[in-house]
């Protein structure tokens, strides 16, 4: 199951983007975020294809009732790929809580990273994502990156310290002993 949402509108970035498309895996809480110029159906389809190329086709996709998600073209896209679409009620963000929580956290992170004129927000998305992916999530009792990759990711501070990076194999072996 994957949760999908679009956040808008931001100040137009230096790259010309105004929106963020966020996709979050329900099991791992691992997010993918795409800065885009618009949220038309064709853009949404391109983003979903990019996501699918790296993570595979999701069985269920939770999304809101935005017109860009319920168009005939998008319905055909979902039908061809065999994706079951579950739509949340309009103006009911708690129904899509997984991605709404990501929205809130990501926007808070970006607000601390952007410059005064805020047009560099697009360039700060990878840093905000890195922090989110590598922070412990109470809802899954683990880091999203660890659940996806089976190991902790090496982070910038890790370059300066020689502590080893934890892996699933090490954790599994340690727990068996």
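Residue numbers (my numbering): 1 to 177. Even glycine gets a Cβ: it sits at the ideal position worked out from N, Cα and C.
Per DSSP, the bridge partner or partners of residue 3:
BP columns for residue 3 point to 24 and 62.
Looking at residue 71 and residue 35, is the spacing between their C-beta atoms short of 8 Å?
No, the Cβ-Cβ distance between residue 35 and residue 71 is not below 8 Å.
Using beta-carbon positions only, say whether residue 47 and residue 21 come within less than 8 Å of one another.
In contact: residue 47 and residue 21 (Cβ atoms closer than 8 Å).
Could you pull out every residue in the same chain whose Cβ sits closer than 6 Å to the Cβ of residue 129, ignoring the five residues on either side in sequence?
If you ignore the 5 residues before and after residue 129, its C-beta comes within less than 6 Å of the C-beta of 33, all in its own chain and listed in chain order.
Using the C-alpha atoms, what's the distance from residue 75 back to residue 41?
Residue 75 has its alpha-carbon roughly 10 Å from the corresponding atom of residue 41.
Given that a residue counts as buried once 16 or more other Cβ atoms are within 10 Å of its Cβ, and exposed if not, what is residue 23?
Buried is the call here.
What does a CB cutoff of less than 6 Å around residue 162 pick up in its chain, not counting 5 residues either side in sequence?
Any reading at residue 162 must be qualified, since the residue scores a pLDDT of 49, below 50, and its modelled position is unreliable; no value is offered.
The beta strand (DSSP E) with residue 34 in it runs from where to where?
Following the DSSP letters along the chain, one finds residue 34 inside the beta strand (DSSP E) bounded by residues 31-36.
Please check the pair residue 30 and residue 111, which I expect to be a contact at CB under 8 Å, by giving their CB distance rounded to whole angstroms.
Contact flag wrong, Cβ pair sits at about 22 Å.
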